[in-house]
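Note sheet for the following structure.
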Amino acid sequence: MTEGDAELEARLAEQEVFEPPESFVEQANVSDPGIYEEFEENWPECWEGAADLLDWYEGYDQVLDDSDPPFYEWFTDGKLNASANCLDRHLDERGDEAAIEWVGEPVDEADRTYTYEELHREVNEFAAALRDIGVGEDDVVTLYMPMIPELPVAMLACARIGAPHSVVFAGFSADALATRMNAADSEYLVTCDGYYRRGDPLDHLGKAEEGLSGVEHETTTVVVDRLGPNGDGFGHDLGDKHDYGDLVAAHAGAEVDPVVRDAEDMLFLMYTSGTTGKPKGVKHTTGGYLAWASWTSQSVLDIKPEDTYFCSADIGWITGHSYIVYGPLALGTTTMMYEGTPDHPDRDRLWEIVEEYEATQLYTAPTAIRAFMKWGSEYPDAHDLSSLRLLGTVGEPINPRAWKWYYKHIGGEECPIVDTWWQTETGGMMVTTLPGVGDMKPGSAGPPLPGVDVRIVDTGGDEVEAGRAGYLTVDKPWPGMLRTLYNNDERYIEEYWAEYSDLDSDDPDDWVYFPEDGAKIDEDGYITVLGRVDDVINVSGHRLGTMEIESAIVGVEGVAEAAVVGGHHDIKGEAVYAYVITEEGYEENDELRERIVAGVEDAIGPIARPEQVVFTPDLPKTRSGKIMRRLLENIADGEELGNTSTLRNPEIVEDIQRKAGGD
Ligand code: WT7
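Using numbering that gives the first Met the number 0, the first residue of the sequence shown is number 0, and each one after it goes up by one.
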């Protein structure tokens with residue numbers, strides 16, 4: 000490091016506020032600070048501009064119908080189709096431009112480009128095929144696929160015929176697939192033979208088949224041949240399953256008129272973890288969701304049609320839905336997809352892709368940034384990243400050190416960073432700076448977006464003072480919000496509204512949305528999100544319910560009881576720590592430990608794998624029998640123990656602590 004570098008490092012380390020670079024502001028989609036006031040004064044009509052980003056078959060009557068809170072409706076009676084908005088309307092001007100640039104994991108494999116014309120064609124052909132195998136409007140189609148182009152093709156084909164999709168992350172287990180298909184009564188599955196992970200082909204169809212054996216109703220399945228001859232070794236026989244390639248070929252040249260959907264018709268379902276063992280089926284709509292994904296893509300990610308925009312998330316999560324597929328394609332830009340991991344074959348793979356494709360934006364997660372930081376700046380430094388204009392992060396709080404590393408080594412101190420707080424349920428971004436308007440403060444997401452009414456309150460619902468910790472709430476509805484939990488209006492109210500609303504009131508002012516995050520706000524109205532306040536762990540930006548993991552562990556032979564908490568992890572943010580009581584007659588040994596880990600992987604997937612399994616004769620419980628998780632968290636973090644005086648069995652805590660420490 001030169002002296003100049005050292006000086007720069009020191010300056011960066013101290014700096015707490017960063018102005019957006021002038022070069023960025025000059026060209027930004029949004030650069031007028033007046034937007035905040037304008038939206039506040041003109042609410043909810045301020046969202047007409049978001050709806051105007053879309054093409055409608057029929058205009059809407061009302062921007063917001065709030066007559067029956069919390070069942071809000073947006074752009075009522077408007078008619079549109081999401082696939083037509085993402086494809087057809089771009090054909091005249093951008094038909095030959097790339098819609099998707101896909102990079103497979105194997106370096107020696109040719110990348111694939113889909114122009115808008117080509118994507119439109121394949122979506123039409125597959126839409127025709129789906130109809131042919133029986134998919135009707137409003138039938139839920141499950142998509143259990145990794146990062147291959149056929150996933151967005153299938154999503155848009157579903158949208159075209161008005162069949163909501165439910166994408167299940169490919170890393171989830173067979174059981175997780177079955178649970179979601181059963182919960183959604185989904186009779187159709189699109190999956191693939193396999194995909195590549197760190198150089199090796201992986202058998203995905205085997206897992207899908209195992210999942211299907213747990214589905215309680217008849218199903219029709221389509222299988223994409225991703226691996227070609229490399230997949231033959233898995234020995235699968237398609238049987239009565241359809242081959243994707245054959246189906247598309249049989250419908251070559253087919254044209255399917257986009258089905259006219261109501262703004263409030265369901266576009267998709269996305270399952271997410273909650274406090275109970277049962278995942279929640281979050282319902283998103285066609286009009287409000289698409290308007291929200293498009294407007295935030297434009298104003299926060301600054302997407303323009305001529306960009307090559309790169310989001311490294313997986314489409315199996317909401318980030319990929321909103322910010323790889325729907326937002327970017329609705330705006331007619333080029334969106335990148337990468338199948339593999341950032342460290343294969345080497346730790347510069349992402350930077351190689353950014354350089355080769357001259358990516359203009361990069362949207363990734365703090366967990367990835369912390370890994371890049373650990374690997375060292377020589378990897379990004381070896382590549383020309385000057386095409387980048389904006390950086391983004393999402394999924395969990397980002398520590399200022401990682402923020403500054405990202406700013407310096409990836410952005411070359413010339414790209415604004417948007418730290419975007421939102422959730423599966425919000426459909427799109429809610430709290431973040433507007434990159435062409437607001438100053439950035441590392442570690443703080445920023446103010447709520449214009450028109451978004453976020454407040455930080457205490458348990459009584461009163462706003463807390465600047466600097467104090469409180470709970471994040473959203474006081475006004477927004478177009479991208481979930482409409483309900485699939486077939487479960489009651490749980491929707493209970494999970495998100497009960498805490499701070501007057502449930503008997505039909506005045507929307509009495510209804511407050513609670514996302515179950517803690518946060519604080521500073522004098523400038525900047526919000527720092529502190530993390531979940533429910534029993535949900537955030538591992539590498541992915542939400543996992545402790546109950547789900549506990550029930551997987553209790554399902555393992557030899558386990559009597561289990562408690563799971565999130566403990567601090569340098570790269571993942573949080574990691575899973577499990578405290579387990581064995582059944583009489585079973586030994587506390589590595590064999591059981593391994594079976595516990597395997598049990599969790601089978602029930603949920605490798606992301607939920609416990610970092611540590613600690614055997615204990617008892618768990619810290621209050622006199623009423625409630626497990627004191629906070630104490631287990633202290634143990635996981637190697638911290639001093641909190642108050643143990645309310646425990647029925649205080650002596651157990653030190654015992655567990657000793658065991659966790661390796662005694
Ligand atoms: C939870 C939502 C949003 C898509 C990816 C995750 C946490 C998200 C931030 C951020 C601090 C964040 C919250 C939230 N979170 N973004 N910028 N700063 N925390 O979606 O699985 O629905 O998880 O992720 O705790 O509630 P999700």
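For every residue, glycine included, the Cβ atom is placed at its ideal position computed from N, Cα and C.
Computed from a predicted model, the values in this text were never measured in an experiment.
So, with DSSP's three-state summary, where would you put residue i?
| i | result |
| --- | --- |
| Met336 | strand |
| Ile302 | coil |
| Thr359 | coil |
| Cys85 | helix |
| Asp65 | coil |
| His568 | strand |
| Lys440 | coil |
| Ala659 | helix |
| Tyr525 | coil |
| Met0 | Note that Met0 has pLDDT 47, beneath the 50 cutoff, so the model's placement of it is unreliable and the number below is only indicative. Reduced to three states, the DSSP call for Met0 is coil. |
| Leu90 | helix |
| Val221 | strand |
| His235 | coil |
| Gln611 | strand |
Closer than 8 Å, CB to CB, is residue i near chain B or not?
| i | result |
| --- | --- |
| Ala497 | Of the protein chains in the structure, only one exists, and it is not chain B. |
On a Cα-Cα basis, can you pick out the residue from the options that is closest to residue i?
| i | options | result |
| --- | --- | --- |
| Asp521 | Glu590, Lys440, Leu226, Leu79 | Lys440 |
| Tyr378 | Arg348, Glu21, Gly410, Val299 | Arg348 |
| Pro434 | Ala27, Ala12, Tyr578 | Ala27 |
| Leu53 | Glu498, Asp438, Glu18, Ala329 | Ala329 |
| Thr332 | Asn648, Val324, Gly544 | Val324 |
| Ile580 | Ala607, Ile655, Ile409, Ile570 | Ile655 |
| Asn41 | Val417, Ile552, Lys475, Gly450 | Gly450 |
| Leu389 | Glu15, Pro19, Gln14, Glu6 | Pro19 |
| Ser443 | Asp301, Glu638, Glu653, Phe17 | Phe17 |
| Thr363 | Asp383, Glu355, Tyr322, Arg93 | Tyr322 |
| Ala562 | Lys625, Ser504, Gly540 | Lys625 |
| Tyr194 | Glu263, Phe309, Gly339, Ala9 | Gly339 |
| Leu387 | Trp374, Gly375, Leu90, Glu351 | Glu351 |
| Ser700 | Arg454, Glu413, Thr112 | It is not possible to answer for residue 700, since the shown part of the chain is limited to 0 through 662. |
| Ala607 | Gly232, Glu37, Ala551, Glu590 | Ala551 |
| Tyr512 | Arg260, Glu424, Leu188, Arg88 | Glu424 |
| Glu560 | His567, Gly566, Glu549 | Glu549 |
Return the CA-CA distance between residue i and residue j, expressed in angstroms with no decimal places.
| i | j | result |
| --- | --- | --- |
| Asp617 | Ile34 | 56 Å |
| Asp457 | Asn588 | 45 Å |
| Thr75 | Val247 | 35 Å |
| Leu529 | Ser298 | 25 Å |
| Leu631 | Met372 | 29 Å |
| Gly234 | Asp516 | 46 Å |
| Leu129 | Thr295 | 31 Å |
| Thr318 | Asn633 | 31 Å |
| Trp46 | Ala127 | 34 Å |
| Tyr59 | Thr285 | 13 Å |
| Met0 | Ala12 | The predicted model places Met0 with a pLDDT of 47, which falls under 50 and marks its position as unreliable; any figure quoted below should be read in that light. Near 16 Å, if we compare the C-alpha coordinates of Ala12 and Met0. |
| Glu547 | Thr645 | 27 Å |
| Glu108 | Leu226 | 11 Å |
| His203 | Ala602 | 16 Å |
| Arg197 | Trp316 | 21 Å |
| Val167 | Thr334 | 21 Å |
| Gly287 | Asp534 | 29 Å |
| Pro68 | Ala358 | 42 Å |
| Gly554 | Tyr578 | 14 Å |
| Ala292 | Gly326 | 5 Å |
| Phe614 | Tyr576 | 11 Å |
| Lys620 | Ile651 | 9 Å |
Would you mind stating whether residue i and residue j have Cβ atoms separated by less than 8 Å?
| i | j | result |
| --- | --- | --- |
| Trp73 | Leu63 | yes |
| Val106 | Pro344 | yes |
| Ile409 | Leu384 | yes |
| Gly273 | Gly604 | no |
| Ala574 | Val599 | no |
| Thr366 | Ile570 | yes |
| Gly391 | Val417 | yes |
| His731 | Asp184 | Summary: the structure shown does not reach residue 731, with the chain confined to residues 0 through 662, and so no result is reported for it. |
| Thr190 | Ala207 | yes |
| Leu664 | Leu266 | Because residue 664 is not part of the residues shown, which for the chain are 0 to 662, the question remains open. |
| Val29 | Val436 | yes |
| Gly460 | Tyr499 | yes |
- Environment of ligand 1 in chain order, Cβ to heavy atom below 7 Å: Thr271, Trp316, Ile317, Thr318, Thr392, Val393, Gly394, Glu395, Pro396, Ile397, Asp418, Thr419, Trp420, Trp421, Gln422, Thr423, Glu424, Ala444, Pro514, Glu515, Asp516, Val528, Gly530, Arg531, Asn537, Gly540, His541, Arg542
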